[in-house]
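S.K.: Note that the numbering used here has the sequence shown beginning at 5, numbered continuously upward.
Built from N, CA and C at the ideal position, the CB exists for glycine as well.
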Amino acid sequence: MRFPFPPRRKPPLGDGILIVFRLRARQHRRTIVLALNDPSRELDFTAKALALDAKNYHTWAYRQWVLMHFWPAPAYTAAATAQSETRLPAAREIWDGEIAYADKLLQEDLRNNSAWNHRFFVAFESGMGGDCAEREIR
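Structure below.
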């Protein structure tokens, strides 16, 4: 029996990165990162995954979770504000770097809705607010 569509080819694994970032793999990785309280490799990990599939919604969602959990926006909660006081300079660098990262992906593909969504998320929903939002409006 032949199927009307060709079978999907299995994606290669590069550098140990899961190209298909499915729920179980994402949840398992999230659990490990939370247990270790070490997000230091997560932005690079998601950047490598997005280099292979820049429109992978699940990878973008995971990246946004990492940003909000480990470098929380001060505007959201008092707990986030207290936690971010010690990380504020690093958080600003991280969040500002995200605008540049989204811009880089948009230069590669202007129709990448996921990158546009991430750019909006960083500029207006991150809580880093003022400076970033003002620059975007200009």
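Tell me, to the nearest whole angstrom, how far the beta carbon of S130 is from that of A65; I am working on the premise that it is less than 8 Å.
M.R.: That pair is no contact at about 15 Å.
S.K.: In angstroms, rounded to a whole number, what distance separates the CA positions of Q31 and H62?
M.R.: For Q31 and H62, the distance between alpha carbons rounds to 11 Å.
S.K.: Mind reading off the beta-carbon distance from A58 to A127? Whole number of angstroms is fine, and I expect it under 8 Å.
M.R.: Not confirmed; about 19 Å, so no contact.
S.K.: Return helix, strand or coil for R96, following the three-state DSSP convention.
M.R.: Residue state, collapsed to three classes: helix.
S.K.: Is the beta carbon of W75 less than 7 Å from the beta carbon of I98?
M.R.: Cβ atoms of W75 and I98: closer than 7 Å.
S.K.: Report the CB separation of N116 from L110 in whole angstroms; it is logged as a contact under 8 Å.
M.R.: Right, the Cβ-Cβ distance comes to about 6 Å (below 8 Å), so this counts as a contact.
S.K.: Count the other CB atoms within 10 Å of the CB of R67; is the residue buried (16 or more) or exposed (fewer)?
M.R.: R67 should be labelled buried.
S.K.: Return helix, strand or coil for R45, following the three-state DSSP convention.
M.R.: Residue state, collapsed to three classes: coil.
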